[in-house]
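For reference, the structure is listed below as structure tokens.
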Ligand SMILES: O=C(O)CCC(=O)C(=O)O
């Protein structure tokens, strides 16, 4: 899957595109089953973390995260190196690609929690324009009811102030969220997509997801890439073991 130059212009202009599916139904079945097996295994090992972003909201909600998913299961490692995915990312940010963050995100039926507004570029701290692209791959049909992603079209023109929700050494995942009086989300748009489809959003696009109020689980992968020629980015990501942030195409 590759975007045309016109589609890239649209991505730059609006801040996101919906693409895919690039995986077959049987591939999605296999990945979905390995996703649940991995969640079960992490739970058994007491390593499954609830990364719900708003500690003040209902304590009974959960967003579970499979962190560095490519290291958690060989199926996910294959996924993140899949040429069909990398072609799409290459057509947005160029031929040298570093995987910077790869998460499985699981919202259980009824009790799946929300993830507050944030911009991925704030986390990664990359000092080059248009160098970050995120792919949010739905493993279940994603709807408003089960906690799909939301974006604010065209709101990726500036970086907003974020607050630190907690220290990442204590609790990982979604430790920043937007806290800026200038941030206007009155045009917030839900991205309802089918299983296998992807939301490709610009690194500066503010996004969030709401609670899962449905009887269906909501599984997804959030796969974040940046231009591997970028050398200046947030220290947290520079000091991670190299295997956490591998170059998956081209070179640095
Ligand atoms: O999957 C979700 O609900 C939120 C994912 C997200 O915001 C992210 O990975 O940056």
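Numbering (this note's numbering), first residue to last: 20 to 271. C-beta atoms are modelled at their ideal positions from N, C-alpha and C, and glycine is treated no differently.
- Relative to ligand 1, the nearest heavy atom lies less than 7 Å away from the CB of residue 168.
- By the CB criterion at 8 Å, residue 192 and residue 84 fall inside the cutoff.
- The beta carbon of residue 146 is closer than 8 Å to those of 249, 251 and 252 in its chain, skipping five residues each way along the sequence.
- DSSP places residue 89 in the uninterrupted alpha helix (DSSP H) bounded by 88 to 91.
- At least one heavy atom of ligand 1 lies less than 7 Å from the C-beta of residue 82.
- The alpha carbon of residue 195 has as its nearest neighbour, out of 160, 143, 208 and 173, the alpha carbon of 143.
- For residue 140 against residue 34, the beta-carbon gap comes to about 11 Å, at or over 8 Å, which does not count as contact.
- Annotation for residue 246: 112, 113, 115, 147 and 150 place their beta carbon closer than 7 Å to its own, counting only its chain and skipping 5 residues before and after.
- By the neighbour-count criterion, in which a residue is buried when 16 or more other Cβ atoms sit within 10 angstroms of its Cβ, residue 52 is exposed.
- One alpha carbon belongs to residue 100, the other to residue 94, and they sit about 10 Å apart.
- Short note on residue 226: C-beta closer than 7 Å to some heavy atom of ligand 1.
- At a threshold of 7 Å, residue 241 counts as near ligand 1, since its beta carbon sits closer than that to one of the ligand's heavy atoms.
- Between residue 219 and residue 167, the C-beta gap is not smaller than 8 Å, which leaves the two residues out of contact.
- Within the model, the alpha-carbon separation for residue 28 versus residue 65 is close to 45 Å.
- The shortest C-alpha to C-alpha distance from residue 129 to any of 92, 164 and 109 is the one to 164.
- In the DSSP annotation of this structure, residue 123 is not part of any alpha helix (DSSP H); the continuous beta strand (DSSP E) holding it starts and ends at 116 to 126.
- From the listed residues 214, 241, 265 and 270, the smallest Cα separation to residue 161 is found for 214.
- The shortest C-alpha to C-alpha distance from residue 203 to any of 262, 187, 211 and 225 is the one to 225.
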